[in-house]
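Okay, so the sequence shown: first residue is 1 according to our numbering, each after it adds one.
For glycine and all other residues, C-beta sits at the position ideal for the given N, C-alpha and C.
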Amino acid sequence: MADDLGPLPQSDDNARLQRESFKALGRVLAGQDVFVFRDERIEDFGADGSIELNIAGKMTNFRSHIQIKAKGKVEPTRKGYISFSIESSNLNYLLNGTCSMYLLWDANRDEFWQVWAQDEHQRLMSENPDWREEKSVTLHFANKFNPATFPAIQDRILKTGRMLRRIQDSLARATEDEQVVFRINPESLDVTDMGTVTSLLLTSGSVIVAAGYPKQVIDLLRVADPTITALPRMQLIRGYAEYMIGNHWEAISRIRRAMMKSNELSSQDNNFLQNLKDASEFHVGIIDSNTYEDRVQQRARNLTGLEALQAEQEAIYYRCVRTTDANERSELARQLRSVTERILSDPAAIPQSKLNAKLLLLFVEGVETNLQASKKQFAAEIRSKLFPDDLVSVIENLDERRRLHLQWEARATEALREAYQLNHPLLIFQALHVALRIQMGRIYEDRFEAIHKNKAFVLEPRRKAAIDRMLEEASVIVRASGSDESKLRLDQSRLDFFEVQGNYEAARSLANEMMPLASAMGFDSITRQAQEVIDGSTLLTRFQDQASEDEQSDTDVKRAKETDEELARFAGHFYETLPSPPARYEIVLEHLRVIRQMSRERVEWCRHLVMIEDLSKSKDPRIAYSELPSRLCVCEKFNWESVNESVDASRVISQFKETYCKSCGAREPKNPGSAI
1 MADDLGPLPQ SDDNARLQRE SFKALGRVLA GQDVFVFRDE RIEDFGADGS
51 IELNIAGKMT NFRSHIQIKA KGKVEPTRKG YISFSIESSN LNYLLNGTCS
101 MYLLWDANRD EFWQVWAQDE HQRLMSENPD WREEKSVTLH FANKFNPATF
151 PAIQDRILKT GRMLRRIQDS LARATEDEQV VFRINPESLD VTDMGTVTSL
201 LLTSGSVIVA AGYPKQVIDL LRVADPTITA LPRMQLIRGY AEYMIGNHWE
251 AISRIRRAMM KSNELSSQDN NFLQNLKDAS EFHVGIIDSN TYEDRVQQRA
301 RNLTGLEALQ AEQEAIYYRC VRTTDANERS ELARQLRSVT ERILSDPAAI
351 PQSKLNAKLL LLFVEGVETN LQASKKQFAA EIRSKLFPDD LVSVIENLDE
401 RRRLHLQWEA RATEALREAY QLNHPLLIFQ ALHVALRIQM GRIYEDRFEA
451 IHKNKAFVLE PRRKAAIDRM LEEASVIVRA SGSDESKLRL DQSRLDFFEV
501 QGNYEAARSL ANEMMPLASA MGFDSITRQA QEVIDGSTLL TRFQDQASED
551 EQSDTDVKRA KETDEELARF AGHFYETLPS PPARYEIVLE HLRVIRQMSR
601 ERVEWCRHLV MIEDLSKSKD PRIAYSELPS RLCVCEKFNW ESVNESVDAS
651 RVISQFKETY CKSCGAREPK NPGSAI
């Protein structure tokens with residue numbers, strides 16, 4: 001019957017096996033949702049498709065490019081692997097992909113074998129460094145591809161994806177010290193004059209790449225003066241641009257040309273060149289992840305001069321922002337100020353280097369400013385209640401709070417102005433990010449205060465407009481650069497802004513969008529924050545729930561549960577609001593212990609028991625909390641009163657109970673189940 005249709009192309013066994021192999025792959029992947037296969041055979045130049053990681057229902061965009069081969073029957077060698085020949089160009093092509101692998105389908109047994117392209121490249125390089133000159137190479141398939149091996153494959157794709165993203169972001173950060181002589185955008189890069197192009201690339205080429213325009217840089221290099229493009233600095237820029245668009249072999253070629261004249265580069269350029277070389281070699285499989293990490297750490301240990309100071313500052317900065325111990329944070333902030341001053345006074349530091357150093361310090365000091373301002377607000381409120389006639393000290397604390405904020409804001413504004421003057425997109429983003437995080441902290445403080453006082457919270461239109469403007473300016477830079485880390489940092493500020501205004505629906509929507517990338521990249525703190533927003537368990541929502549619960553609960557019951565650690569912490573805050581001397585911390589702590597003790601007595605002994613103290617020693621700011629006041633107990637139901645006063649609260653309570661309560665049939669604890 002086919003003869004009636006005229007001449008038609010023949011379908012051979014290889015084509016049939018290829019079709020069947022895709023059906024078999026579908027069967028292997030069925031019933032799991034960790035790997036999502038994407039068929040890419042429409043324009044197949046060497047990869048049949050890719051699998052993307054799906055983590056907890058969230059797509060990560062972490063992928064492994066796949067080339068699928070098939071054979072009717074395979075037989076392992078004596079060493080246990082399957083040999084299969086492919087064209088060298090195919091492996092070379094696949095090495096430019098992300099975490100690429102080959103799958104070989106054994107039609108006879110209906111099972112898949114798997115090998116990583118990078119691993120095969122390393123093996124081939126050890127056997128024949130010139131393998132790319134050969135027409136074909138032989139792959140060694142030693143591992144099965146089935147549900148039992150999926151966890152190991154998932155782990156490798158995840159770790160590789162994280163590392164490649166970190167490398168890209170770290171390379172971009174390394175350009176923060178480079179000068180920029182114009183505002184970087186598509187319009188400003190539309191230049192055809194050879195002299196102008198050459199000048200722009202020499203001064204700002206790496207930053208233009210990091211800002212998200214690697215293709216434009218490659219186009220500009222074709223226009224630049226040929227004698228200048230041969231310089232090692234220009235070869236470095238070309239290598240960086242090729243790396244960013246995925247041409248890793250071309251990047252390695254350019255990097256090697258630059259390294260031939262490395263003596264003509266600065267120490268900073270040489271360090272960047274080495275990082276770029278290792279990143280490219282890791283991508284194509286010349287080195288593995290452990291070798292890459294070892295080389296990075298070794299270079300860090302060998303840094304000298306300004307670069308050593310910058311590395312020291314960054315290490316102190318990260319320790320400072322991660323610690324939760326106030327004393328440790330204060331000491332680290334002092335160290336950070338010291339090393340920052342050394343950077344600013346270093347003759348080798350250019351304006352970009354100095355601004356980058358100032359921004360790290362600015363963030364830490366912004367956090368410190370918010371904490372100190374909160375303490376001044378707390379002091380004003382406490383003193384207004386303790387010493388209502390002492391308005392001067394209340395006003396002084398409020399003025400100091402305002403001064404602290406204004407002083408920091410002036411420095412932040414100056415840093416942002418400087419970043420714009422330098423035309424440096426990465427430094428502009430960094431300055432905006434610092435301002436956003438600190439401003440957001442202040443807004444959260446205001447929101448907490450409103451909840452505590454049971455007042456409505458409304459963000460001033462002026463402040464809201466300023467935050468919206470900074471978010472938009474930062475988003476323009478992030479969209480152009482394509483930096484995942486910057487996007488997550490910006491989304492973190494957006495998330496906070498939605499939540500603090502009470503826009504929980506928008507916050508949850510953004511959190512769901514952020515989760516896959518944050519989780520895949522290993523940004524644990526951002527992942528936790530997004531999950532808390534999704535679950536409705538953020539610090540803000542927990543504080544709101546606790547405030548609502550406190551309104552309904554008995555104050556004594558709540559105070560009776562306070563721990564010694566909580567009392568000590570509050571005593572410290574309380575003590576800071578008092579003039580010292582004469583106030584003494586141990587007197588403040590004892591005052592709070594007595595309050596807790598009386599709450600426990602009312603909960604467990606009798607709700608009618610109260611304690612009266614001599615207020616003359618706590619209402620006078622000149623002597624307040626310098627010595628223990630005398631106290632006595634009173635029964636509010638029968639108006640019984642202690643016979644003798646004493647500074648020993650426990651003695652006063654026990655004597656009162658022995659005298660009046662022992663035989664009282666009207667004793668009524670608030671919690672009968674815990675009655676003494």
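Per the coordinates, the alpha-carbon of P232 lies some 20 Å from the alpha-carbon of R299. Listed as beta-bridge partners of V36 by DSSP are E52. Distances from the CA of K58 to each of I395, L510 and Q114 were compared; the closest alpha carbon is that of L510. In this structure, V296 keeps its C-beta atom at 8 Å or more from the C-beta atom of I316.
In terms of Cα proximity to M515, the closest of E40, N454 and N54 is N54. Rounded to whole angstroms, E472 and K385 show a C-alpha spacing of 43 Å.
In the structure shown, I395 adopts helical secondary structure according to DSSP, grouped into three states. Inter-residue distance for R156 and G305 is about 37 Å (C-alpha atoms, whole angstroms). CA-to-CA, the gap between M440 and D496 works out to about 7 Å. Of K354, E499 and P147, the smallest CA-CA separation from V458 is found for E499. When C-alpha distances from K69 are compared across K159, Q546, A24 and E566, the shortest belongs to A24. According to DSSP, residue pairing for V652 in a beta bridge does not occur. The way I'd put it, the region 584–604 does touch the region 644–658; three or more beta-carbon pairs between them come closer than 8 Å. For Y575, the uninterrupted alpha helix (DSSP H) segment begins and ends at D564 to E576. Under DSSP, I86 forms a beta bridge with V137.
Per DSSP, A70 lies in no alpha helix (DSSP H) segment; the continuous beta strand (DSSP E) that holds it begins and ends at K58 to K71.
Only residues of its own chain outside the window of five on either side were considered, and among them A211 and G212 have a CB closer than 6 Å to the CB of S481, listed in chain order.
Listed in chain order, the non-local C-beta contacts of L17 below 8 Å within the same chain comprise A70, K71, G72, W105 and A107, local neighbours out to five positions each way being set aside. Taken through DSSP and simplified to helix, strand or coil, M101 comes out as strand. For R19, the closest C-alpha among the options D39, K455, Q32 and L344 is that of D39. For V610 against E636, the beta-carbon gap comes to about 6 Å, under 8 Å, which counts as contact.
Judged by DSSP in its simplified three-state form, R631 adopts strand. Annotation: S88 to N96 spans about 13 Å, alpha carbon to alpha carbon. Taking the Cβ atoms as the reference, Y243 lies roughly 6 Å from L276, within the contact range of under 8 Å. Nearest C-alpha to V217 among T227, G239 and A230: G239. Where N143 is concerned, the enclosing beta strand (DSSP E) starts and stops at N143 to F145.
For M611, the pairing in a beta bridge is given by DSSP as C633. Scanning E586, L422 and L124 for the CA closest to the CA of A571 turns up E586. DSSP places W116 in no alpha helix (DSSP H) but in the uninterrupted beta strand (DSSP E) bounded by E111 to W116. For D106, the three-state secondary structure derived from DSSP is strand.
When rounded, the separation of the alpha-carbon atoms in L360 and E314 is 8 Å. Residue state for S345 is assigned as coil, using DSSP reduced to three classes. Under the three-state reduction of DSSP output, S267 falls in the helix class.
It is roughly 26 Å from the alpha-carbon of A230 to the alpha-carbon of F282. For E641, the pairing in a beta bridge is given by DSSP as V634. Ranked by how close their Cα comes to the Cα of M125, the residues G49, I286 and R78 have I286 in first place.
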